[in-house]
Amino acid sequence: FAYTTRRHYASHSKRSLHPLPNNLSRTLARQAALDIHPEVLSALSSSSRKPIVALETAIVTNGMPPPTNLEIALKLEQIIREQGAVPATIGIVGGRVKIGLTREELERLADTEGNQNLVKVSRRDIGPIISQRLDGGTTICGTLIFAHLAGIRVFATGGLGGVHRGGQDTMDVSADLHELTRCPVGVVSCGVKSILDIGRTLEYLETLGIPVVTYGNTYNFPAFFCGESDFNTSWKVNDPRAAAEILDAQARLGLQNGTLFAAPMPEQFAAQGAEVKAAVDQAIRESEENGMSKKGKEVTPWLLARVLELTGGKSLENSGQIAVELARLEEERHEESSDKLG
Ligand code: PSU
Ligand code: MN
C-alpha cells in the first residue's frame with residue numbers, strides 16, 4: 014500500500030513537470046526516431062491536457078488513390094476537431110515516426126505526385142523502415158503501437174483487419190488482432206474489413222481476450238458498412254461516457270489489452286447499406302474468381318469513400334466524443350485523488 018501511495022505522489026509531480034506520458038521517458042524520446050507534433054505534445058501535457066484521437070495512415074498510403082486519400086485524411090482530422098478533440102494522424106516519414114503529421118508530411122504520404130514507394134507498416138516493418146529511412150503508412154497494428162507509446166487512448170478507424178476468408182487454411186490473420194492484446198487503446202470502428210470472415214475474427218478476438226463492444230442500441234456486430242452481420246457481441250454501450258468508463262475501468266486495473274468498439278451504420282442508411290453489401294459480395298466473388306483482380310484492389314478505396322458518404326463520418330464523431338469523455342473521467346479522478354491526498 015505504501016508503494017502505491019508513493020507511486021501516486023510520484024506520478025502526480027511528474028504530471029506537472031513532464032510533457033510526455035509514462036510510456037516514453039524523455040531520454041528515450043530524444044534517442045528514438047520519433048517526433049510528436051507540437052499540437053499533440055501540448056494536448057498530452059498536463060497543463061493543457063486535451064482529448065486526443067489517433068488516426069492511421071495505411072488507408073492513405075495503400076488504401077485509397079490520390080487525391081481522395083489526402084482529402085479524406087484531412088476530412089477525418091476535421092471531424093475529430095469538431096468534437097473538441099485533437100487529431101494525431103500517425104505515419105512514418107523519412108524513417109521517423111510522426112505522431113501527428115503536418116500538412117506537408119500528410120501530402121508526402123498521400124503521394125499526389127505518384128512517384129514514391131510507400132510501405133504499409135505493421136509491427137514487423139518498424140525496424141526496417143526506420144533504419145532504411147523510408148516513408149510509410151501505419152496499419153491499425155502499427156498505429157496502435159505508437160498511439161500507446163505516446164499515451165493516446167482512443168483511435169478512430171474504418172475497419173479492423175482480421176481473419177481472412179479461408180484463413181483457417183491460409184493462416185492469413187491480420188497482426189491488428191494480436192496488437193490489441195498489448196496496447197490499451199480503444200479502437201472505434203465500423204467493424205472489421207468487409208472482405209474478412211467475421212465469425213472467425215470474432216472467435217479470434219475472444220481467444221485473445223479483447224472486449225468487442227457494439228456502440229449503439231443493439232448487440233449485432235456490424236458488417237462494416239453493409240448493415241447487420243449474422244453475429245452478436247457480448248456487450249453494447251449507447252453513449253460516449255459508457256464507452257469511456259470501460260476504458261477507464263481497464264486502465265485503473267493496469268490491463269494492457271485494447272478494446273474494439275464497433276458502431277453500426279445509422280438506420281436511415283440501411284437501404285443503401287444493402288446495396289453496398291450486394292456490391293461488396295459481387296466484388297469479393299469476382300476477386301475470388303480471378304485471384305486478386307484489379308477490380309478487387311480498386312474496391313477498397315471505393316468502399317471507403319462510400320462509407321464516409323453514407324455514415325457522414327459517424328465513427329469519427331463517436332471516437333471524438335469518447336476521447337472527450339475519457340479526458341473528463343481522468344480529470345475527475347485526478348481531482349478525487351488530489352482531494353484524498355490533500
Ligand atoms: N480497412 C479497409 N482498408 C484497408 C485497411 C482497413 O477497408 O486498407 C487497412 C488498415 O490499416 C488495417 C490493415 O489495419 O488494412 C490490415 O491489413 P492486413 O490484413 O494486411 O493486416
Ligand atoms: Mn495478412
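For full-length UniProt numbering, add 13 to where a residue sits in the sequence shown, where the first one is 1.
Note that CB positions come from ideal geometry on N, CA and C, so glycine has one too.
Query                                                                                                                                                                                    : Result
Does DSSP put residue 100 in a helix, in a strand, or in coil?                                                                                                                           : strand
Using a Cβ-Cβ cutoff of less than 6 Å, which residues in the same chain neighbour residue 178 once the five nearest sequence positions on both sides are dropped?                        : 210
Might you give, ordered along the chain, the residues of its own chain that have their beta carbon closer than 8 Å to the beta carbon of residue 61, omitting 5 neighbours on each side? : 55
Taking only runs that begin and end inside the segment 197-222, name each unbroken beta strand (DSSP E) of 3 or more residues, in chain order.                                           : 199-202
Report the residue ranges of all alpha helix (DSSP H) runs contained in full by the segment 50-94; include only those spanning at least 4 residues, in chain order.                      : 51-57
Of the choices 183, 224, 186, 64, whose alpha-carbon is the least far from that of residue 200?                                                                                          : 224
Based on Cα-Cα distance, which residue from 166, 218, 165, 197 lies nearest to residue 186?                                                                                              : 218
Say the cut is 7 Å; is the CB of residue 187 nearer than that to a heavy atom of the ligand MN?                                                                                          : yes
In terms of residues, what are the limits of the beta strand (DSSP E) holding residue 356?                                                                                               : In the structure as shown, the chain begins at 14 and stops at 355. Residue 356 is therefore absent and cannot be evaluated.
Leaving out the 5 sequence neighbours to the left and right, which residues in its chain are closer than 6 Å to residue 123 when beta-carbon positions are compared?                     : 73, 79, 82, 83
Could you tell me whether the segment 165-177 touches the segment 332-340, where touching means 3 or more Cβ pairs closer than 8 Å?                                                      : yes
Find the nearest neighbour of residue 59 within the set 164, 276, 275, judged by alpha-carbon distance.                                                                                  : 164
In terms of residue numbering, what span does the alpha helix (DSSP H) encompassing residue 247 cover?                                                                                   : Here residue 247 belongs to no alpha helix (DSSP H), and DSSP marks it neither H nor E.
Do you know offhand how far residue 66's Cα is from residue 90's?                                                                                                                        : 9 Å
For the alpha helix (DSSP H) that contains residue 141, what are its first and last residues?                                                                                            : 139-144
Can you look up residue 105 in the DSSP assignment and give me helix, strand or coil?                                                                                                    : strand
Look up residue 182 in the DSSP assignment and say whether it is helix, strand or coil.                                                                                                  : helix
Is DSSP giving residue 40 helix, strand or coil here?                                                                                                                                    : helix
Taking the alpha-carbon positions, what's the residue 308 to residue 156 distance?                                                                                                       : Any reading at residue 308 needs caution, since the residue's pLDDT is 47, under 50, leaving its predicted position unreliable; the model's value is listed next. Whole-angstrom Cα-Cα distance: 27 Å.
Roughly how many whole angstroms lie between the Cα atoms of residue 150 and residue 274?                                                                                                : 23 Å
Would you say residue 63 touches the ligand PSU, meaning its beta carbon is less than 7 Å from a heavy atom?                                                                             : no
For residue 204, does the count of other Cβ atoms within 10 angstroms reach 16, so buried, or fall short, so exposed?                                                                    : buried
For the ligand PSU, is there any heavy atom lying closer than 7 Å to the beta carbon of residue 206?                                                                                     : yes
Going along the chain, which residues of its own chain have a beta-carbon closer than 6 Å to the beta-carbon of residue 340, five neighbours each way excluded?                          : 64
Does the segment 139-150 come close enough to the segment 101-120 to have 3 or more Cβ pairs within less than 8 Å?                                                                       : yes
What is the DSSP secondary structure of residue 340, counted as helix, strand or coil?                                                                                                   : helix
Span of the beta strand (DSSP E) holding residue 273?                                                                                                                                    : 272-275
Please name the residue, chosen from 189, 332, 86, that lies closest to residue 260 on a Cα-to-Cα basis.                                                                                 : 332
Do residue 246 and residue 237 have their C-beta atoms closer together than 8 Å?                                                                                                         : no
CB-CB under 7 Å to residue 346, same chain, minus the five flanking residues each way: which ones, in chain order?                                                                       : none
Going by the CB atoms, is the gap between residue 128 and residue 197 shorter than 8 Å?                                                                                                  : no
Measure the CB-CB distance between residue 175 and residue 115 and report whether it falls below 8 Å.                                                                                    : no
Assuming the contact rule is C-beta atoms closer than 8 Å, residue 153 and residue 136 should be a hit. Round their C-beta distance to whole Å, please.                                  : That belief does not hold up - the Cβ atoms of residue 153 and residue 136 are roughly 11 Å apart, past 8 Å.
For residue 51, is the beta carbon positioned less than 7 Å from some heavy atom of the ligand FMN?                                                                                      : Annotation note on the ligand FMN: not contained in the displayed structure, which lists the ligand PSU and the ligand MN as its ligands.
Enumerate in chain order the residues of its own chain whose CB-to-CB distance from residue 356 is below 6 Å, with the five nearest sequence positions on each side excluded.            : Residue 356 is absent from the model: the chain starts at 14 and stops at 355.
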